[in-house]
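Student: Take the sequence shown: its letters are residues 29 to 350, numbered as in the numbering used here. Glycine is no exception: its CB is placed at the ideal position from the N, C-alpha and C atoms. The following block contains the structure, expressed as structure tokens.
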Amino acid sequence: MSVALRTQLFLFLICVSLRMGLARYIEDNEASDGLYSLLSLAQKRESEDFIFRRPLRCLDMLATDGLFTFVASKPQLACAAFIIAEPSEVISLELSDVSIDCSAGDFIKIFDGWVLKGEKFPSNQDHPLPLYERYTDYCSSTAPGATSRSSQNVAMIFFRIHSPASGFTLAVKKLYNPFPCNIMSQSPEGSFTMVMPHQRKNCSFSIIYPVEIRLTELSLGQAKSNELSPQRLAWSGCSGSGDYVELLGGNGVDTSKMFPVADLCFSLSGLAQMKIGCDNSVVRLVSSGNYINRVSFQYRLLEHNELPKARENSLENFCTVE
Numbered sequence: 029m030s031v032a033l034r035t036q037l038f039l040f041l042i043c044v045s046l047r048m049g050l051a052r053y054i055e056d057n058e059a060s061d062g063l064y065s066l067l068s069l070a071q072k073r074e075s076e077d078f079i080f081r082r083p084l085r086c087l088d089m090l091a092t093d094g095l096f097t098f099v100a101s102k103p104q105l106a107c108a109a110f111i112i113a114e115p116s117e118v119i120s121l122e123l124s125d126v127s128i129d130c131s132a133g134d135f136i137k138i139f140d141g142w143v144l145k146g147e148k149f150p151s152n153q154d155h156p157l158p159l160y161e162r163y164t165d166y167c168s169s170t171a172p173g174a175t176s177r178s179s180q181n182v183a184m185i186f187f188r189i190h191s192p193a194s195g196f197t198l199a200v201k202k203l204y205n206p207f208p209c210n211i212m213s214q215s216p217e218g219s220f221t222m223v224m225p226h227q228r229k230n231c232s233f234s235i236i237y238p239v240e241i242r243l244t245e246l247s248l249g250q251a252k253s254n255e256l257s258p259q260r261l262a263w264s265g266c267s268g269s270g271d272y273v274e275l276l277g278g279n280g281v282d283t284s285k286m287f288p289v290a291d292l293c294f295s296l297s298g299l300a301q302m303k304i305g306c307d308n309s310v311v312r313l314v315s316s317g318n319y320i321n322r323v324s325f326q327y328r329l330l331e332h333n334e335l336p337k338a339r340e341n342s343l344e345n346f347c348t349v350e
């Protein structure tokens, strides 16, 4: 992802955090008697009914619920909006007030995931739907509007509009997801636990930064927990076990095209860590469906002096970061 998109994302997150913090401060300091209580209650109700609205740009990043309206001031032939939610959320999208000319080459398409640099997240291997079902095409729909619900915490919309004053409104709503899978991290630092309960499914946690990843717990199949020393972190051969975790690195978002850094196919309780100096670092949980698999990990952004320098034939330095 470009620096500009990352910057937009952080600005959105800061705005959301400030808004949440202000609301929490007001609630914690409410008076409990008299007219002030009634006013506070009315303000709460008004706040609950508030719908965030703003114009949609030709290239945009959305990280909050609301209504986003695009009106073309000139022909816009290659536009896209990236939508991201919290890891434990999926995204509902709905189009309304659409005024485009499909016969003239205009289109609006919603995609279940992200497309960056020609690569798709989640990859075709990891997404539960075939590729053609991940697109919702407004011009091909028989309904007056188009709706879509993502399978993970990211989605996007592509559109092309030739005529000025044409446009549409996009409603974004985030919904709770009890078993998150295929997650794009909003932050270069944090922690997460992926759980796969008796499902034959692959789940990736993607961090679009060079990071250090620390595995703190791993439960796979019926294997017993045991300590993992750093010397035993990287090896090959786990893919035949059916249940394993792999660490991936690369400069794109398609996990099937990324470099395998390490894989683990036995349970552990302890600490295993590795630095991945790539634009994208991924923890991928592969499950056969026979067991309840679980992996917990922490991650942090690498400092500039920690970034690996390119060396030939070196597993630890296979990515170069500018």
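So what does DSSP say about residue 164, is it helix, strand or coil?
Tutor: strand
Student: Buried or exposed: where does residue 313 fall if 16 or more other Cβ atoms within 10 Å of its Cβ makes it buried?
Tutor: buried
Student: Can you give the Cα-Cα distance for residue 239 and residue 198, rounded to whole angstroms?
Tutor: 34 Å
Student: For residue 203, count neighbouring Cβ atoms within 10 angstroms of its own Cβ and tell me buried if that reaches 16, exposed if not.
Tutor: exposed
Student: Tell me the rounded alpha-carbon separation between residue 98 and residue 320.
Tutor: Rounded to the nearest angstrom, the two C-alpha atoms are 44 Å apart.
Student: Just confirm the distance between the C-beta atoms of residue 151 and residue 284, as a whole number of angstroms; I'd bet it's less than 8 Å.
Tutor: About 4 Å; that satisfies the 8 Å criterion.
Student: Would you kindly work out how many angstroms separate the C-alpha atoms of residue 132 and residue 103, rounded to a whole number?
Tutor: 12 Å
Student: Would you list the one or two residues that DSSP bridges to residue 148?
Tutor: 143
Student: Taking 8 Å as the threshold (C-beta atoms), are residue 271 and residue 315 in contact?
Tutor: yes
Student: What residue does the beta strand (DSSP E) around residue 326 start on, and which one ends it?
Tutor: 320-329
Student: Among 128, 81, 136, 130, which residue has its Cα nearest to the Cα of residue 108?
Tutor: 136
Student: Between the Cα of residue 153 and those of 246, 323, 286, 225, spot the shortest distance and give me the residue it belongs to.
Tutor: The residue among 246, 323, 286, 225 with its C-alpha nearest the C-alpha of residue 153 is 286.
Student: Using 8 Å as the threshold, is the C-beta distance between residue 323 and residue 273 below it?
Tutor: yes
Student: In whole angstroms, give me the CA-to-CA distance for residue 93 and residue 106.
Tutor: Roughly 24 Å between the two C-alpha positions.
Student: Beta carbon of residue 289, beta carbon of residue 142: below 8 Å?
Tutor: no
Student: Beta-carbon within less than 6 Å of residue 186's beta-carbon, same chain only, minus the 5 sequence neighbours each way: which residues are those?
Tutor: 108, 137
Student: Give a yes or no on whether the C-beta atoms belonging to residue 327 and residue 245 are separated by under 8 Å.
Tutor: no
Student: To which residues of the same chain is residue 278 closer than 6 Å at the C-beta, ignoring the five residues directly before and after it?
Tutor: Non-local C-beta neighbours of residue 278 in its own chain, meaning closer than 6 Å and more than five positions away in sequence, comprise 286, 287, 306, 308, ordered along the chain.
Student: Measure the C-alpha to C-alpha separation of residue 333 and residue 303 and round it to an integer number of angstroms.
Tutor: 12 Å
Student: In whole angstroms, what separates the C-alpha of residue 191 from that of residue 100?
Tutor: 7 Å
Student: Which complete beta strand (DSSP E) runs does the stretch 268-299 hold, if anything under 3 residues is left out?
Tutor: 272-278, 287-292
Student: Less than 8 Å between the C-beta atoms of residue 118 and residue 181, yes or no?
Tutor: yes
Student: From residue 318 to residue 229, what distance separates their C-alpha atoms?
Tutor: 11 Å
Student: Give me the Cα-Cα distance between residue 96 and residue 247, rounded to the nearest whole angstrom.
Tutor: Going by C-alpha positions, residue 96 is about 42 Å away from residue 247.
Student: Applying the criterion that 16 or more other CB atoms from any shown protein chain within 10 Å of the CB defines a buried residue, is residue 125 buried or exposed?
Tutor: exposed
Student: For residue 276, which option in 296, 292, 208 has the closest C-alpha, if you only look at C-alpha atoms?
Tutor: Closest option to residue 276, judged by alpha-carbon separation, among 296, 292, 208: 292.
Student: Enumerate in chain order the residues of its own chain whose CB-to-CB distance from residue 241 is below 7 Å, with the five nearest sequence positions on each side excluded.
Tutor: 275, 301, 302, 304, 309, 311, 325, 327
Student: My assumption, with CB atoms under 8 Å, is that residue 121 sits in contact with residue 176. Please give the rounded CB distance.
Tutor: 5 Å
Student: Measure the C-alpha to C-alpha separation of residue 128 and residue 269 and round it to an integer number of angstroms.
Tutor: 51 Å
Student: Alpha carbon to alpha carbon, how far is residue 79 from residue 60? Give it in angstroms, no decimals.
Tutor: With a pLDDT of only 39 at residue 60, under 50, the local geometry of the prediction cannot be trusted, and the value read off the model is given with reservation. If you take the alpha carbons of residue 60 and residue 79, they lie about 27 Å apart.
Student: Report all residues from its chain with a CB closer than 8 Å to the CB of residue 130; omit the five preceding and five following residues, and keep chain order.
Tutor: 166, 167
Student: Consult DSSP for residue 91 and reduce its assignment to one of helix, strand or coil.
Tutor: coil
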